[in-house]
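Sequence lines, in order, name chains L and P. All residue numbers for the first sequence refer to UniProt numbering, where the first residue is 1 and numbers rise by one. All residue numbers for the second sequence refer to UniProt numbering, where the first residue is 1 and numbers rise by one. Accompanying notes for the structure given below.
Protein chains: 2
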Amino acid sequence: MAAVTLSGVARHAGVSLATASRVLNGSSRRPAEDIAERVRAAALELGYVPNAQAQALARSSTGLVGLVVHDISDPYFSSIARGVQHAARNYRRQVLLASTDPSESAEHDAVSAFASHRTDAIILAGSRRAKPDPDLEQELARYQQNGGRVVTIGGSPGSGLTVPVGNADGAAALVTRLVSLGIRRFAILAGPPELNTARDRVKGFTSALEAAGLEPAAVVVSAFNREGGFDAAQRCWEELQGEHGVCLLAVNDVMAIGAIAGLRALGVSVPADALVTGFDDIPTLRDYFPSLTTVHLPLEQLGEEAANLALNPDQAQPDPIPGEVIIRESAGA
Amino acid sequence: MAAVTLSGVARHAGVSLATASRVLNGSSRRPAEDIAERVRAAALELGYVPNAQAQALARSSTGLVGLVVHDISDPYFSSIARGVQHAARNYRRQVLLASTDPSESAEHDAVSAFASHRTDAIILAGSRRAKPDPDLEQELARYQQNGGRVVTIGGSPGSGLTVPVGNADGAAALVTRLVSLGIRRFAILAGPPELNTARDRVKGFTSALEAAGLEPAAVVVSAFNREGGFDAAQRCWEELQGEHGVCLLAVNDVMAIGAIAGLRALGVSVPADALVTGFDDIPTLRDYFPSLTTVHLPLEQLGEEAANLALNPDQAQPDPIPGEVIIRESAGA
DNA sequence: TCTATATTGGAAAGCGCTTTCCATACACAT
DNA sequence: ATGTGTATGGAAAGCGCTTTCCAATATAGA
Numbered sequence: 001m002a003a004v005t006l007s008g009v010a011r012h013a014g015v016s017l018a019t020a021s022r023v024l025n026g027s028s029r030r031p032a033e034d035i036a037e038r039v040r041a042a043a044l045e046l047g048y049v050p051n052a053q054a055q056a057l058a059r060s061s062t063g064l065v066g067l068v069v070h071d072i073s074d075p076y077f078s079s080i081a082r083g084v085q086h087a088a089r090n091y092r093r094q095v096l097l098a099s100t101d102p103s104e105s106a107e108h109d110a111v112s113a114f115a116s117h118r119t120d121a122i123i124l125a126g127s128r129r130a131k132p133d134p135d136l137e138q139e140l141a142r143y144q145q146n147g148g149r150v151v152t153i154g155g156s157p158g159s160g161l162t163v164p165v166g167n168a169d170g171a172a173a174l175v176t177r178l179v180s181l182g183i184r185r186f187a188i189l190a191g192p193p194e195l196n197t198a199r200d201r202v203k204g205f206t207s208a209l210e211a212a213g214l215e216p217a218a219v220v221v222s223a224f225n226r227e228g229g230f231d232a233a234q235r236c237w238e239e240l241q242g243e244h245g246v247c248l249l250a251v252n253d254v255m256a257i258g259a260i261a262g263l264r265a266l267g268v269s270v271p272a273d274a275l276v277t278g279f280d281d282i283p284t285l286r287d288y289f290p291s292l293t294t295v296h297l298p299l300e301q302l303g304e305e306a307a308n309l310a311l312n313p314d315q316a317q318p319d320p321i322p323g324e325v326i327i328r329e330s331a332g333a
Numbered sequence: 001m002a003a004v005t006l007s008g009v010a011r012h013a014g015v016s017l018a019t020a021s022r023v024l025n026g027s028s029r030r031p032a033e034d035i036a037e038r039v040r041a042a043a044l045e046l047g048y049v050p051n052a053q054a055q056a057l058a059r060s061s062t063g064l065v066g067l068v069v070h071d072i073s074d075p076y077f078s079s080i081a082r083g084v085q086h087a088a089r090n091y092r093r094q095v096l097l098a099s100t101d102p103s104e105s106a107e108h109d110a111v112s113a114f115a116s117h118r119t120d121a122i123i124l125a126g127s128r129r130a131k132p133d134p135d136l137e138q139e140l141a142r143y144q145q146n147g148g149r150v151v152t153i154g155g156s157p158g159s160g161l162t163v164p165v166g167n168a169d170g171a172a173a174l175v176t177r178l179v180s181l182g183i184r185r186f187a188i189l190a191g192p193p194e195l196n197t198a199r200d201r202v203k204g205f206t207s208a209l210e211a212a213g214l215e216p217a218a219v220v221v222s223a224f225n226r227e228g229g230f231d232a233a234q235r236c237w238e239e240l241q242g243e244h245g246v247c248l249l250a251v252n253d254v255m256a257i258g259a260i261a262g263l264r265a266l267g268v269s270v271p272a273d274a275l276v277t278g279f280d281d282i283p284t285l286r287d288y289f290p291s292l293t294t295v296h297l298p299l300e301q302l303g304e305e306a307a308n309l310a311l312n313p314d315q316a317q318p319d320p321i322p323g324e325v326i327i328r329e330s331a332g333a
């Protein structure tokens, strides 16, 4: 990657390195216009491209923001990523992406790679776990100590910088609404309990059920993806011995889709034989049939808020982003 | 971002900078084990994190690979991104992501930002246009001249490094198969003609139709997304004055979904009144109803191949990745 | 024992920038 | 003519690392 350097440009323009730097890469001092013009012409002619690494080293700021997601191909995360990307552009920052899916240690690896690359901030999307990996925590603590900003999406408002998401409230609101529509029997398709997002939503479900004087007919734990929903729904159906009209509360849309598919594979149709709800209101699934009853979350906005929080020190921590209950055909409509 | 530096570690361990570097960050020379141990202990104790920027500057290689997509929230691109991410991890590379959606110049901006960050390679996913932006071309040319590798996904096998995708062949195979199933009337929901991917697929459709002695009943141009499909289907339906049993060939799955929604909004049901096909076989849409007749593309694999091509100089350019026709309910099943 | 040859740690020169500090030049007031 | 204050370009130090080159020591050969 040998390329035209600033000193090459300076020489070509017959000025010093310092002057060239001041002209091309912004500074409080602005050289005289005729000189500046000469430098710009030289840069253009030689095809100068500033070396961001060298700038980062000299300025000790990289203009990079790291984004950690579980699975970038999951529409939940990719929507968030879009928001982050969008906001980052406004700050003229580049996004370093890590999709940590398979391995347990990948999250830690990603954070330490980001620390190594001296990203100005790190955004953790929904990856915060209930029992935190101590290595990860230490890595993050050190990162913050060195001036890096860490923002989580969906953390509790107390724990450092976070874009709080009304997971519990949204889940509760959904149940309350369904109850008001006359539904009485519920089962919960819970994600892995160590995932905060999943846990908060389950908490919302159960507390609202309790408030309505109800108890979940079943709580099935499973993976946080389509296959998890598929399995969970089938196991749940078995556990309920084919009881009709039960509403399966999945902790996200992708699981809900899986659940509907799992039921269909058993010859159970939604919403005729069973009801299913999701959470997130993934755009790609808007046209799904039967249309999904869910809790709408402005995912892209979550990403944007996270990026704002990460990149703008003056940004106040936002109020919890509320979810909006959306009743569609898969339950209650 | 003041942090522990290598020279701090060296001092703490009582060795020179050179030795510390050799121990911690790999080199052809391996210092004696007792010394190495001392250095490692010092690094651990102080919490040393190597500065990737400084390393990049000294080594003139950043360990970064840039990925340019149109819209990271589009499942087509996010699946590819997942593949790229996955492969990059094997090479211990980090992925710099740019989602260029709205503005025209964003693609150019992204490439020049990547050039500035001295990414070792740039992967352009489906962004190659028929009438190339001369600025972009120049930027890419310069980048390559400086030793950067550029890989496109779905380019023609001639044009530089590319992971060729059998867009035309897949499209043709789909039509041929549908014809063999007895379908005779087709309309094409084409994407924007300047997009190579869209154009190649349309070409495949028309050539197969021609080979079967047929002509498209309509060709409707529109955006490459859900809304584009929605509009296109409605306009198409109008143009065909409600003719029944026509098969609408959308150039991708997301448009197909939009098309089905558009038709449904007109009270037209698929596959009873009209047929619709997609392209890509997006995983998130596998459970869609009616299930989508489409051409399966191993999207994640495309991303992986692209990353291999970008990061491994010995990697031979792969053969075109073929699409596999999948007949489901939305047409022909 | 003495020279020829590896082996090993360290000093120092960059990598491409930013930024502080200095020297010069110029404007103006005295 | 002298002094003061203010622009402005350039020299050079330094950001944190890698790597070449050197010197010193250890090993082998005769």
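Ideal Cβ positions, reconstructed from N, Cα and C, are used throughout, including at glycine. Bear in mind the structure is a predicted one, so any value in this text is a computation, not a measurement.
>> Between V49/P and A3/P, how many whole angstroms is the CB-CB distance? I'm expecting something under 8 Å.
In response: 6 Å
> If you run the structure through DSSP and keep just helix, strand and coil, what is H296/L?
Replying inline: strand
> In chain order, what residues of the segment 273-307 of chain L put their CB closer than 9 Å to some CB of chain P?
Replying inline: Residues of the segment 273-307 of chain L with a C-beta atom less than 9 Å from some C-beta of chain P are I282, P283, T284, L285, R286, D287, Y288, F289, P290, L299 and E300, listed in chain order.
>> With a threshold of 7 Å on Cβ separation, who are the neighbours of L46/P within its own chain once the five nearest residues in sequence on each side are excluded?
In response: V4, G8, V9 and H12
>> So that I know if they touch, is there some Cβ in chain L lying closer than 8 Å to that of Q144/P?
In response: Taking a beta-carbon distance threshold of 8 Å, Q144/P does not count as an interface residue toward chain L.
>> With a threshold of 8 Å between beta carbons, is A208/P in contact with chain L?
In response: So, not an interface residue.
> Anyone know if the C-beta pair for L67/L and R93/L falls short of 8 Å?
Replying inline: no
>> So, for A20/L: in the same chain, excluding its five sequence neighbours on each side, which residues have a beta-carbon less than 7 Å away from its beta-carbon?
In response: L6, V9, A10, A13 and V39
> Smallest Cα separation from S99/P: which of K131/L, A42/L, R264/L and R82/L?
Replying inline: Ranking the options by Cα distance to S99/P, first place goes to R82/L.
> Who are the near neighbours of A310/P in its chain, counting only those whose CB is closer than 7 Å to its CB and skipping five residues on each side?
Replying inline: V65, A121, I123, R149 and V151
> Apart from the five residues on each side of it in sequence, which residues of its chain come closer than 8 Å, Cβ to Cβ, to V221/P?
Replying inline: A190, G191, P192, P193 and A232
> What residues in the segment 160-185 of chain L have a beta carbon less than 7 Å from any beta carbon of chain P?
Replying inline: none
> Along the chain, where does the beta strand (DSSP E) that runs through G83/L open and close?
Replying inline: Where G83/L is concerned, there is no enclosing beta strand (DSSP E), although the alpha helix (DSSP H) it sits in stretches over P75 to N90.
>> Strictly under 8 Å for the Cβ-Cβ distance: is V9/P near chain L by that measure?
In response: Answer no: the Cβ-Cβ gap between V9/P and chain L never drops below 8 Å.
> What's the gap between the Cα of R226/P and the Cα of V254/L?
Replying inline: Approximately 19 Å, taken between the alpha carbons.
>> Let me confirm a value: A208/L is counted as buried when at least 16 other C-beta atoms fall within 10 Å, else exposed. Which label applies?
In response: buried
> Taking Cβ-Cβ distances below 9 Å as the criterion, which residues of the UniProt domain "HTH lacI-type" (4-59) of chain P are in contact with chain L?
Replying inline: Of all residues in the UniProt domain "HTH lacI-type" (4-59) of chain P, the ones placed with a Cβ closer than 9 Å to any Cβ belonging to chain L are V4, G47, V49, P50, N51, A52, Q53, A54, Q55, A56 and L57, in chain order.
>> Three or more C-beta pairs under 8 Å: does that hold for the segment 295-307 of chain P against the segment 270-282 of chain P?
In response: yes
> Along chain L, which residues have their Cβ under 9 Å away from the Cβ of H108/P?
Replying inline: Residues of chain L passing the Cβ test: none, with the nearest at roughly 13 Å.
>> Quick test of the definition: if touching needs 3 or more C-beta pairs under 8 Å, does the segment 243-254 of chain L touch the segment 244-262 of chain P?
In response: Contact between the segment 243-254 of chain L and the segment 244-262 of chain P is absent: fewer than 3 CB-CB pairs across the two stretches fall below 8 Å.
>> Mapping the DSSP letters down to three states, classify A274/L as helix, strand or coil.
In response: coil
>> Taking 6 Å as the limit between beta carbons, can you name the residues of its chain near S330/P, skipping five residues before and five after?
In response: Correct list, in chain order: V270, P271, V276, P290, L292 and T293.
> Who are the Cβ neighbours of P31/P in its own chain at under 6 Å, not counting the five residues just before and after it?
Replying inline: The answer, listed in chain order, is T19, R22 and V23.
> V175/P by DSSP, collapsed to three states: which one?
Replying inline: helix
> Mind checking if P313/L is an interface residue toward chain P, Cβ cutoff 8 Å exclusive?
Replying inline: No, because no Cβ of chain P sits closer than 8 Å to the Cβ of P313/L.
> Which chain P residues sit within Cβ distance under 8 Å of S116/L?
Replying inline: V49, P50, N51 and A52
> Smallest Cα separation from A187/P: which of G229/P, N25/P, D169/P and A110/P?
Replying inline: G229/P
> Quick one, are the C-beta atoms of R177/L and V325/L less than 8 Å apart?
Replying inline: yes
> Is it right to say R29/L is buried, meaning 16 or more other beta carbons lie within 10 angstroms of its own, or is it exposed?
Replying inline: A residue is called buried when at least 16 other Cβ atoms come within 10 angstroms of its Cβ; R29/L does not meet this threshold and is exposed.
> Roughly how many angstroms separate the alpha carbons of V111/P and W237/L, rounded to a whole number?
Replying inline: 51 Å
>> Pop quiz: Y288/L and Y288/P are said to be a contact at Cβ under 8 Å. What is the actual Cβ separation, rounded to whole angstroms?
In response: 6 Å
>> Taking 8 Å as the limit between beta carbons, can you name the residues of its chain near P157/L, skipping five residues before and five after?
In response: P164, Q317 and P320
> Can you list, in chain order, the stretches of the beta strand (DSSP E) that have 3 or more residues and sit fully within the segment 112-159 of chain P?
Replying inline: 121-125 and 149-153
>> Which of the three DSSP states is assigned to M1/P in this structure?
In response: Residue placement at M1/P is poorly supported in this model, since its pLDDT is 49, which falls under 50; the coordinates still yield a value, given next. DSSP places M1/P in coil when its eight states are reduced to three.
>> Using DSSP's beta-bridge definition, name the partner residues of T23/L.
In response: The sequence as given places Val at residue 23/L; Thr does not occur at that position. Answer is none; V23/L lacks a bridge partner.
> Does the Cβ of G332/P have 16 or more other Cβ atoms within 10 Å, making it buried, or fewer, making it exposed?
Replying inline: buried
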